[in-house]
Structure formats: C-alpha cells, structure tokens
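Protein chains in written order, with the working numbering: chain E, 1 to 118; chain Y, 1001 to 1118.
For every residue, glycine included, the Cβ atom is placed at its ideal position computed from N, Cα and C.
Number of protein chains: 2
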Amino acid sequence: MAVDLELAPKHKRPAGEPCCEPVVYPDVERLEAERLARVAKALGDPIRLQLVDVLRKHAGKVCVCELVPLFDLSQPTVSHHLKVLREAGIVGSERRGLWAYYYVNPDAVKELSAWLSS
Amino acid sequence: MAVDLELAPKHKRPAGEPCCEPVVYPDVERLEAERLARVAKALGDPIRLQLVDVLRKHAGKVCVCELVPLFDLSQPTVSHHLKVLREAGIVGSERRGLWAYYYVNPDAVKELSAWLSS
DNA sequence: GCTCCAGATCGACAGCCATCTATATACGTA
DNA sequence: TACGTATATAGATGGCTGTCGATCTGGAGC
C-alpha cells in the first residue's frame, strides 16, 4: 500500500481548523490485512461460525455425520462450508474409516483475535 | 436451531468404537451466531479491515478525504465500504461542515473478539 | 442567488457465493 | 465381489458484492 504522508489539506477549510490529523499507514499492513480478512470472511457466515462453535465446544474431533443434522441444510452444503473453513486454515480434518473428523486449528483464529483486541 | 441431542449413531461402525461424542448445540446460539457473523463478514474484506485499522490507529476521527487516497479505489467505492462497516455497527460517522469523520465503535468488535478468544 | 467542493447515492456489470440435485469416491461388511 | 454408507465433488442457478462513472445533496464562501 503506497502511502502518501503528505496529505496536508489541499482544499479550503473552515477557520484554520485542520481537516484532520495526518494519516499514517505503513506498507507492511497490506499482507496482514489480507490474511486477517481471509479468516474473517470465512467466519462471516452464520453456518460456518456455528460449525466452528460446535467444533470448539467439543474440543477435538466431531464426525461430519453429527454436524449435518444440526442444520437445515443438505449434506453437500455442510461439506462445502467445512471446505471453506479448511481452506481458510480455521479447521483441519482427519479421516478414520468411513468417517471424517474435523477439529479447530487455534492458531488461525488467534491472529484475528489478537488484532481485534489490540 | 432445533437440536437433536439423541444423535447416537444410527449406522454400523467399526468395532464398538463410537462414531463420535454426542453433539450439544443449545438453541440460544443462533441469533448470537448471526450477530457475530455479520461483524465478521464486514471485516472480511481487506479494504474494510484496513479502513478499520486506520481508524483505530488514529483513535478518533479521520475525515474521508484522507482515507480515499490511501487506496487505489474510487471515492464511491471507499464510501461504499464505509457504509458496509457502518451498517454492521463497526464504525460511526459524524458530519462537520463539508467533511465527514469516521470513528470505530469498540463495542461492535468486542463481542466478536470475546467469542474468538473464548 | 450562484459556484465549488466533500461525500453519498444510483445504475450497471462482472465475478463470487450459498444452495441444491446428481454423481463420484472410498471404505466396511457380507 | 457386490452392496451400503459417509463424504466429497461437479454442475447449475439465483442472489449478493465490489467496482466503476455519473449524478445527487448539502454546506461554505462569494
């Protein structure tokens, strides 16, 4: 993100009062913003947020066959949401026999949590 | 969210090993999930996340005319992103003379932050 | 009044997303 | 081997989203 620190008001303004303080926006923020936004976006759907909630409450591994009936959605749709979460790094999965078990990856959420509460 | 606590495995499974522990999912979670997801969704765009970042760094009021040149976007697009953030309750705005000043509403972010780090 | 400027809104458009049904894959059991 | 079951994938579709240029709004100053 190219930053222009010389954003001093080029326009007229009321009675000497400056438009605002100069804005500082270091270049290093952009990639971090993209990482954070990717996680936030994945959590930006109530179904996916609830999926993460359930997976966290059961702190470990819950099989998909228990997740599907919690929602009024088809199995492929739930599978799709799990995939979105997986691709965002928020959850991981492991296959045991016929069943697939999902678990929350705490690190992915940690960075967003830290930024939010900073 | 209607919950079926009797999700005991209806299917055959390997060697007595249960498919998974029973899933508990209280009804009260749904509305909260929708609130949280609304905030997360609004933050799920790098531009909006950076806007919030700038507004937080300048802890108070920054005029829009300083925000627009930070991004390689048209003024209407930045205005649109600010509107999304406003509708999610993440930022507020105040007009003084010609200029509009945006600020972060800490409460909106707080709930999401608390859930993430719980 | 008129003009200029900051910001918001409108309308259009391309790309993305949530959902479905249908099908494929992969594993267990008989 | 053949069959059933748990997930994943594919393809379609309607709706949402990010972006733009053009325009509207409303305040400041002449």
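Task: Chain-ordered chain Y contacts of E:Glu-29 [CB-CB under 7 Å] - done: Neighbours of E:Glu-29 on chain Y, chain order: Gln-1050, Asp-1053.
Open item on the list: For the pair the region 1084-1096 of chain Y and the region 1028-1039 of chain Y, tell me if three or more CB-CB distances fall below 8 Å.
Closed with: The answer is yes - the region 1028-1039 of chain Y touches the region 1084-1096 of chain Y, with three or more Cβ pairs under 8 Å.
Task: Opening and closing residue of the beta strand (DSSP E) in which E:Ala-100 lies - done: Membership of E:Ala-100 in the beta strand (DSSP E) is indicated by the continuous run 99-104.
TODO: Name, in chain order, the residues that DSSP records as bridge partners for Y:Glu-1094.
DONE: Paired residue(s): Y:Tyr-1101.
TODO: Verify the CB distance criterion: does E:Tyr-103 have a CB-CB separation below 8 Å to chain Y?
DONE: No, E:Tyr-103 lies away from the interface with chain Y (no Cβ there is under 8 Å from its Cβ).
Open item on the list: So, with DSSP's three-state summary, where would you put Y:Cys-1019?
Closed with: Residue state for Y:Cys-1019 is assigned as coil, using DSSP reduced to three classes.
Task: Sub-8 Å separation of E:Arg-30 and E:Val-104 beta-carbons - done: At the C-beta level, E:Arg-30 and E:Val-104 stay beyond 8 Å of one another.
Open item on the list: Quick check: does the Cβ of Y:Gly-1092 come within less than 7 Å of any heavy atom belonging to the ligand MN?
Closed with: This structure lacks the ligand MN, and indeed carries no ligand of any kind.
- [ ] Quickly, what does DSSP pair Y:Val-1062 with across the bridge? List them, please.
- [x] In DSSP, Y:Val-1062 forms a bridge with Y:Tyr-1102.
Open item on the list: Check this for me: beta carbons of Y:Val-1054 and Y:Leu-1067, under 8 Å apart or not?
Closed with: A contact, by the Cβ cut-off of 8 Å.
- [ ] Please report the residue range of the alpha helix (DSSP H) in which E:Leu-70 lies.
- [x] If you look at E:Leu-70, you'll find it isn't in any alpha helix (DSSP H); DSSP assigns it neither H nor E.
Open item on the list: Can you confirm whether Y:Ala-1037, when its beta carbon is compared against all beta carbons of chain E, has any partner nearer than 8 Å?
Closed with: Answer yes: the Cβ-Cβ gap between Y:Ala-1037 and chain E drops below 8 Å somewhere.
TODO: Note down, in chain order, each residue of its chain lying with its Cβ closer than 7 Å to the Cβ of Y:Lys-1110, except the 5 sequence neighbours on either side.
DONE: Within the same chain, no Cβ atom closer than 7 Å to the Cβ of Y:Lys-1110 is found once the five residues on either side in sequence are excluded.
Task: chain Y residues whose Cβ lies nearer than 8 Å to that of E:Asp-45 - done: Against chain Y, the beta carbon of E:Asp-45 has neighbours under 8 Å at Ala-1037, Lys-1041, listed in chain order.
TODO: Starting from E:Asp-53, follow the alpha helix (DSSP H) in both directions and report where the run begins and ends.
DONE: Looking at the DSSP string, the run of the alpha helix (DSSP H) that includes E:Asp-53 is 46-57.
Task: 8 Å Cβ shell around E:Cys-65 - same chain, five flanking residues per side excluded - done: Beyond the five residues adjoining it in sequence on each side, E:Cys-65 comes within less than 8 Å, by CB distance, of Trp-99 in the same chain, given in chain order.
Task: Buried or exposed (CB count within 10 angstroms, at least 16 for buried), E:Pro-106 - done: Result: exposed.
Open item on the list: Rounding to the nearest angstrom, what Cα-Cα distance links E:Gly-97 and E:Asp-45 in this structure?
Closed with: Near 30 Å, if we compare the C-alpha coordinates of E:Asp-45 and E:Gly-97.
- [ ] Specify, as a first and last residue, the run of the alpha helix (DSSP H) that E:Leu-31 falls within.
- [x] In this chain, the alpha helix (DSSP H) harbouring E:Leu-31 covers 29-43.
- [ ] Work out the CA separation of Y:Leu-1112 and Y:Val-1023 for me, nearest whole Å.
- [x] Between Y:Val-1023 and Y:Leu-1112, the C-alpha separation is close to 23 Å.
TODO: Report back the beta-carbon spacing between Y:Cys-1020 and E:Tyr-101 to the nearest angstrom; my notes put them in contact at under 8 Å.
DONE: With 8 Å as the limit, Y:Cys-1020 and E:Tyr-101 qualify as a contact, their Cβ atoms being about 7 Å apart.
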